[in-house]
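Residue numbers (this note's numbering), protein chains in the order written: chain A, 1 to 114; chain B, 1001 to 1143.
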């Protein structure tokens, strides 16, 4: 397999951080979506997705992130991203993701702004 | 070492094979000292074009043919499939929109070409019933 990926979750009382490692395509995206939906269904609607270890994100991965944004909006939740490369941030802004989710340089500021 | 390098690569339409093409592009760009951001943009454009070919070409040979041509000033990538060609609504993404979500500007699908055009300096698409070639150029910028 060319793409080795991993997902780590750090849950706190009021929020959770999901950290992805690897190429965010359909395979990693589906796992990410599953984990996010588990958290949301369990009542955790303040989420941070840390993409620092995610080197590449394709448009299918982005579409899955949009689905997570929409799920959180239905429950009046919040999603912040952190650890994006300049190209990833530019792509997120181009695709309007930045209008509906926060973008922060690091996990600490992303959590603080939930 | 000469100023120009040409590399030909054929990948099967298997999951994640677009990473092999992206890696080749990144090695060539790094060889010519493209900056880190440009290398990532090249990789993303290659990935999106290969995914489009895999998803939409309906090619019988299930192969994507990639030609890289790098000089001191630019990297040109030509990505060809031998599929059925693409239509205008595929090109602008409207064929893939599906049902609208909560926010119309948050389109989930059909954004690959928009990404490629935004990240590359020149993009050209040639399509016929015998296949499609997407060519793009990334120019090296001064640091």
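Idealized CB from N, CA, C, for every residue including glycine.
On the criterion of 16 or more Cβ atoms from any shown chain inside 10 Å, does residue i qualify as buried, or is it exposed?
| i | result |
| --- | --- |
| residue 1043(B) | buried |
| residue 19(A) | buried |
| residue 105(A) | exposed |
| residue 113(A) | exposed |
| residue 156(A) | The question about residue 156(A) has no answer here: the residues shown for chain A are numbered 1 through 114. |
| residue 95(A) | buried |
| residue 99(A) | exposed |
| residue 8(A) | exposed |
| residue 37(A) | exposed |
| residue 23(A) | buried |
Can you name the residues of chain A whose CB is closer than 8 Å to the CB of residue i?
| i | result |
| --- | --- |
| residue 1043(B) | 56 |
| residue 1037(B) | 85, 86, 87 |
Provide the residue(s) that pair with residue i in DSSP beta bridges, ordered along the chain.
| i | result |
| --- | --- |
| residue 6(A) | 21(A) |
| residue 1081(B) | 1064(B), 1132(B) |
| residue 1122(B) | 1137(B) |
For residue i, which residues in chain C fall below 7 Å Cβ to Cβ?
| i | result |
| --- | --- |
| residue 1040(B) | No chain C is part of this structure, whose protein chains are labelled A and B. |
Residues of chain B with a CB under 7 Å from the CB of residue i: which are they?
| i | result |
| --- | --- |
| residue 33(A) | Going along chain B, no residue has its Cβ under 7 Å from residue 33(A), so there is no contact; the nearest lies around 12 Å. |
Quick one: list the residues of chain A neighbouring residue i, beta-carbon separation under 7 Å, in chain order.
| i | result |
| --- | --- |
| residue 1047(B) | 56, 58 |
| residue 1112(B) | 59 |
| residue 1118(B) | 94 |
Going by CA-CA distance only, name the one from the options that's closest to residue i.
| i | options | result |
| --- | --- | --- |
| residue 35(A) | 52(A), 10(A), 53(A), 57(A) | 10(A) |
| residue 108(A) | 68(A), 55(A), 16(A), 61(A) | 16(A) |
| residue 1048(B) | 1028(B), 1027(B), 1017(B), 1075(B) | 1017(B) |
| residue 1139(B) | 1131(B), 1076(B), 1124(B) | 1076(B) |
| residue 985(B) | 79(A), 111(A), 87(A), 52(A) | Because chain B spans 1001 through 1143 in this model, residue 985(B) falls outside it and cannot be assessed. |
| residue 1087(B) | 1046(B), 1052(B), 1015(B) | 1052(B) |
So is the beta-carbon of residue i under 7 Å away from any non-hydrogen atom of the ligand GDP?
| i | result |
| --- | --- |
| residue 1004(B) | Ligands are entirely absent from the displayed structure, and the ligand GDP is therefore not among its contents. |
### Given 8 Å, three or more beta-carbon pairs between the region 1074-1082 of chain B and the region 23-33 of chain A
no
### Task
Spell out a yes or no on whether the region 1025-1040 of chain B and the region 1061-1072 of chain B are touching, meaning 3 or more CB-CB pairs, one atom from each, closer than 8 Å.
yes
### Task
Answer yes if the region 68-82 of chain A comes into contact with the region 35-45 of chain A, meaning at least three C-beta pairs across the two stretches below 8 Å, and no otherwise.
yes
### Task
Inspect the CB distances between the region 1114-1127 of chain B and the region 1057-1068 of chain B and report whether three or more fall short of 8 Å.
no
### Query
Is the number of C-beta pairs between the region 82-96 of chain A and the region 1007-1014 of chain B that are closer than 8 Å three or more?
Cβ pair count under 8 Å is below three, so no.
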